[in-house]
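To keep things clear, I will list the structure first and then write my remarks on it.
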Amino acid sequence: KPRAAQPPRPAAAATHPPQNPHLPAHVSLRAAGRPPPREPAQSSPPRPLTVLHTRSPRLSMSTSSRPRATPLAAAGGSGAAPSLLAADPGHRDSVILAARGAMTNCLGETHLDLVVPGLRLAAKGKVRDVYESGEHLVLVTTDRQSAFDRVLASIPFKGQVLNETSLWWFNRTSHITPNAVVSSPDRNVTIAKRCSVFPVEFVVRGFVTGSTDTSLWTVYNKGVRNYCGNAIPDGMVKNQKLPANILTPTTKAADHDVPITPDEIVKSGLMSKDDFDEARSKALSLFEYGQKVALENGVILVDTKYEFGKTADGTVVLIDEVHTPDSSRYWIANSYEERFKSGLEPENVDKEFLRLWFKNNCNPYEDKVLPEAPEELVSELAWRYIFLFETITNTKFEIPETQRNRSMKGYQGTWHKPYGIYNC
140 KPRAAQPPRP AAAATHPPQN PHLPAHVSLR AAGRPPPREP AQSSPPRPLT
190 VLHTRSPRLS MSTSSRPRAT PLAAAGGSGA APSLLAADPG HRDSVILAAR
240 GAMTNCLGET HLDLVVPGLR LAAKGKVRDV YESGEHLVLV TTDRQSAFDR
290 VLASIPFKGQ VLNETSLWWF NRTSHITPNA VVSSPDRNVT IAKRCSVFPV
340 EFVVRGFVTG STDTSLWTVY NKGVRNYCGN AIPDGMVKNQ KLPANILTPT
390 TKAADHDVPI TPDEIVKSGL MSKDDFDEAR SKALSLFEYG QKVALENGVI
440 LVDTKYEFGK TADGTVVLID EVHTPDSSRY WIANSYEERF KSGLEPENVD
490 KEFLRLWFKN NCNPYEDKVL PEAPEELVSE LAWRYIFLFE TITNTKFEIP
540 ETQRNRSMKG YQGTWHKPYG IYNC
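Taking the numbering used here as reference, the numbering of the sequence shown is continuous, increasing by one, and the terminal residue is 563.
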């Protein structure tokens, strides 16, 4: 992704706090400047720490009766020539080649509780497997890809991208709010402090957009002009910037998220008014800061969701993930205006690319059998996730060695207290 030559930017010490000492060296990133042109992506040497007990094949949704969808189409990428996404075709090709080679080695399942004494599986989400040990949680980010409240596929390297992206943002936003991160002993793993999680997702939006049932454009297009307590003006069109950022919270329901107003949150006892007001203020500040950092690096942070919890001492902390391409929408900045005026979808650098493809090829909410995502879409999404990580952090993503090679080395290891990481 090297851009045209330009003078180096001055260091931004004021907006990038010192590195969190709890975070590992592999997420210590430059505060300013651009990386040199990249060499083709290569496999990294084996990592000393791993929790990848098994690597399952890519989570294929395929059956013998599965309908075959049409070839990969626009999905947000047609019309005007792509900008930053195609700035370094050699690097893109090498990442896509690596992704295609790793499609049968995605991290689809984890079973740490079977090999690590004292570790218990606490929850299995659509993307993350959460284990608990004493006062700490072990969060393993898999390669499973979810949308429309279901798992659609597995994307090579996705779990590593999400985990490392979150760690970068956790470190960069510690001046806004404390977080639950303790350490990251593996590129797919975060060790976090246990806390009481608020049953509310804090969704912050800067644009009228989206394709899901709860997205702002979906409800706006149906005539809704007051959403989650926010008045939305008439006359707006899809992908248009809002007059100001808004908070549209949802409840964390088991099957799907349900929009809710701030008053309803407090009246129903989901959160106290003080806790909600503090979390709302932090969410809006995090989003404003995220937009600033993203735009400085050529992308637009469109919307995102945050989760908060409360520690034993009563501190409200940021948890889960921050500004990842799973929890956020990102668009390429320098092509947005032209594409918006032309009525084209923005260049998406997030899972909206996948959402749009499934929306065009099936009913992802009602169809029991979905078409299998084509290989070119899966590898392209892997590239876009890696592209976003490299664009935001100004660091090169380290392509991991596949588990196929690692599996031949055995899994004899030892239990490392206090965080319960299986050391191979």
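For each residue, glycine too, the CB sits at the ideal point set by N, CA and C.
What residues are listed by DSSP as bridge partners for Arg468? As a position in the sequence shown, residue 468 is number 329, starting the count at 1. Paired residues: Asp442.
My parser needs the alpha helix (DSSP H) runs of 4 or more residues fully inside the stretch 482-545; what are they? 491-500, 514-532 and 542-545
Using 10 angstroms around the beta-carbon of Val441, count the other beta-carbons present and answer buried if the total reaches 16, otherwise exposed. Position 302 of the sequence shown, counting from 1, holds the residue named residue 441. So Val441 counts as buried.
Relative to the C-alpha of Val328, which residue among Val343, Gln299, Ser354 and Ile315 is closest? Locating residue 328 in the sequence shown gives position 189, counting from the first residue. Nearest of Val343, Gln299, Ser354 and Ile315 to Val328, Cα basis: Gln299.
Taking DSSP as the reference, what is the three-state secondary structure of Thr281? By one-based count along the sequence shown, residue 281 stands at place 142. Looking at Thr281 - three-state DSSP - the assignment turns out to be coil, as it is neither helix nor strand.
Could you work out which residue in Cys245, Lys490 and Phe526 is closest to Gly349 when comparing CA atoms only? Your numbering for residue 349 matches position 210 in the sequence shown. It is Lys490.
What whole-angstrom Cβ distance do Glu486 and Trp470 have, given they're in contact under 8 Å? Residue numbering aside, residue 486 sits at position 347 when the sequence shown is read from its first letter. Residue numbering aside, residue 470 sits at position 331 when the sequence shown is read from its first letter. The Cβ separation is near 6 Å, so the contact holds.
Any idea if Lys377 is buried or exposed, counting beta-carbon neighbours within 10 angstroms, 16 or more meaning buried? Against the sequence shown, residue 377 aligns to sequence position 238. Answer is buried; the Cβ neighbour count reaches 16.
Could you have a look at Gly240 and say whether DSSP puts it in helix, strand or coil? Position 101 of the sequence shown, counted from the first residue, corresponds to residue 240. Residue state, collapsed to three classes: helix.
How do the stretch 454-464 and the stretch 417-431 stand: do at least 3 beta-carbon pairs fall below 8 Å, yes or no? yes
Taking the alpha helix (DSSP H) that Ala226 belongs to, which residues open and close that run? As a working mapping, residue 226 is identified with position 87 in the sequence shown. Run containing Ala226: none; DSSP gives neither H nor E here.
Assuming Arg344 and Thr387 form a contact by the criterion Cβ under 8 Å, report the distance between their Cβ atoms to the nearest whole angstrom. As a first step, residue 344 is located in the sequence shown; it is residue number 205 there, counting from the start. As a first step, residue 387 is located in the sequence shown; it is residue number 248 there, counting from the start. Indeed, because the Cβ distance is near 6 Å, the residues count as touching under 8 Å.
Quick check: what's the CA-CA separation for Ser510 versus Gln284? For the purposes of this step, residue 510 is taken as the residue at position 371 of the sequence shown. For the purposes of this step, residue 284 is taken as the residue at position 145 of the sequence shown. Rather than Ser, the amino acid found at residue 510 in this sequence is Pro. So the alpha carbons of these two residues sit roughly 15 Å apart.
Please report the residue range of the beta strand (DSSP E) in which Gly345 lies. Here residue 345 is taken as the residue at index 206 of the sequence shown, counted from 1. Start and end: Val339 to Val347.
Decide yes or no for the touch test of the stretch 362-376 against the stretch 504-520: beta carbon pairs closer than 8 Å, at least 3 of them. no
Which residues in the same chain have their Cβ closer than 7 Å to the Cβ of Val266, if we skip the five residues on either side of it in sequence? Residue 266 sits at position 127 when you count from the first residue of the sequence shown. Thr280, Thr281, Arg283, Ser285 and Asp465, listed in sequence order.
Please go through the same chain and pick out, in chain order, the residues whose beta-carbon is closer than 6 Å to the beta-carbon of His395, but skip the five residues on each side of it. Within the sequence shown, residue 395 is the residue found at index 256, counting from 1. Taken in chain order, the residues that qualify are Asp288.
Can you give me the start and stop residues for the beta strand (DSSP E) that Glu274 sits inside? For this step, residue 274 is matched to residue 135 along the sequence shown. Run containing Glu274: none; DSSP gives neither H nor E here.
Cα-Cα separation between Ser233 and Val321, rounded to whole angstroms: Within the sequence shown, residue 233 is the residue found at index 94, counting from 1. Within the sequence shown, residue 321 is the residue found at index 182, counting from 1. Roughly 34 Å separates the two Cα atoms.
Contacting residues, own chain, Cβ-Cβ under 6 Å from Ala238 (five flanking each side not counted): Position 99 of the sequence shown, counted from the start, is the residue given in the question as residue 238. Answer for Ala238: Pro295, Ser518 and Ala521, listed in chain order.
From the DSSP output, in three-state form, read off Ile235 for me. As a working note, residue 235 is residue 96 in the sequence shown. The answer is helix: DSSP assigns Ile235 an H, G or I state.
Which runs of the alpha helix (DSSP H) fall wholly inside the stretch 368-432 and span at least 4 residues, in chain order? 401-406
Select from Pro382, Thr312 and Ser407 the residue whose C-alpha is nearest the C-alpha of Pro338. By one-based count along the sequence shown, residue 338 stands at place 199. When only C-alpha atoms are compared, the closest one is Ser407.
Straight-line gap, His314 to Leu301 (C-alpha atoms, nearest Å): By one-based count along the sequence shown, residue 314 stands at place 175. By one-based count along the sequence shown, residue 301 stands at place 162. Those two C-alpha atoms are separated by around 21 Å.
Range covered by the alpha helix (DSSP H) that runs through Arg364: Numbered from its first residue, the sequence shown carries residue 364 at position 225. Arg364 -> no alpha helix (DSSP H), and no H or E assigned at all.
Taking only the alpha-carbon atoms, compute the straight-line gap between Thr316 and Tyr428 and give it to the nearest angstrom. As a working mapping, residue 316 is identified with position 177 in the sequence shown. As a working mapping, residue 428 is identified with position 289 in the sequence shown. Taking the straight line joining both Cα atoms gives about 12 Å.
Under the three-state reduction of DSSP, which class applies to Thr450: helix, strand or coil? Along the sequence shown, read from residue 1 onward, the residue named residue 450 stands at position 311. Three-state result, Thr450: coil.
Would you mind reading off the limits of the alpha helix (DSSP H) that contains Ser305? Reading the sequence shown from its first residue, position 166 is the one you call residue 305. Element bounds for Ser305: Lys297 to Arg311.
Extent of the continuous beta strand (DSSP E) to which Leu258 belongs: If you number the sequence shown from 1, residue 258 lands on position 119. Looking at the DSSP string, Leu258 is not in any beta strand (DSSP E), and its letter there is neither H nor E.
Bridge partners of Thr329, per DSSP? Taking the first residue of the sequence shown as 1, we reach residue 329 at position 190. Per DSSP, Leu278.
Using DSSP bridges, identify the partner residues of Asp268. Taking the first residue of the sequence shown as 1, we reach residue 268 at position 129. Asp268 is bridged to Lys263 and Val279.
Pro401 and Gly368 closer than 8 Å at C-beta: Within the sequence shown, the letter at position 262 stands for residue 401. Within the sequence shown, the letter at position 229 stands for residue 368. Yes, the Cβ-Cβ distance between Pro401 and Gly368 is below 8 Å.
Less than 8 Å between the C-beta atoms of Ala331 and Leu251, yes or no? Along the sequence shown, one-based indexing puts residue 331 at 192. Along the sequence shown, one-based indexing puts residue 251 at 112. No, the pair does not count as a contact, with Cβ atoms beyond the cut-off.
Measure the Cβ-Cβ separation of Thr390 and Leu409 and say whether it is below 8 Å. Mapped onto the sequence shown, residue 390 falls at position 251. Mapped onto the sequence shown, residue 409 falls at position 270. Yes, Cβ-Cβ distance for Thr390 and Leu409 is below 8 Å.
Below 6 Å CB to CB, which residues in the same chain sit around Asn318 once its five sequence neighbours on both sides are set aside? Counted from its first residue, the sequence shown places residue 318 at position 179. Within the same chain, Asn318 has close Cβ partners Phe309, Val456 and Leu457.
Beta-carbon spacing of Phe426, Thr450 below 8 Å: Position 287 of the sequence shown, counted from the first residue, corresponds to residue 426. Position 311 of the sequence shown, counted from the first residue, corresponds to residue 450. Against a cut-off of 8 Å, the Cβ pair of Thr450 and Phe426 comes out as no contact.
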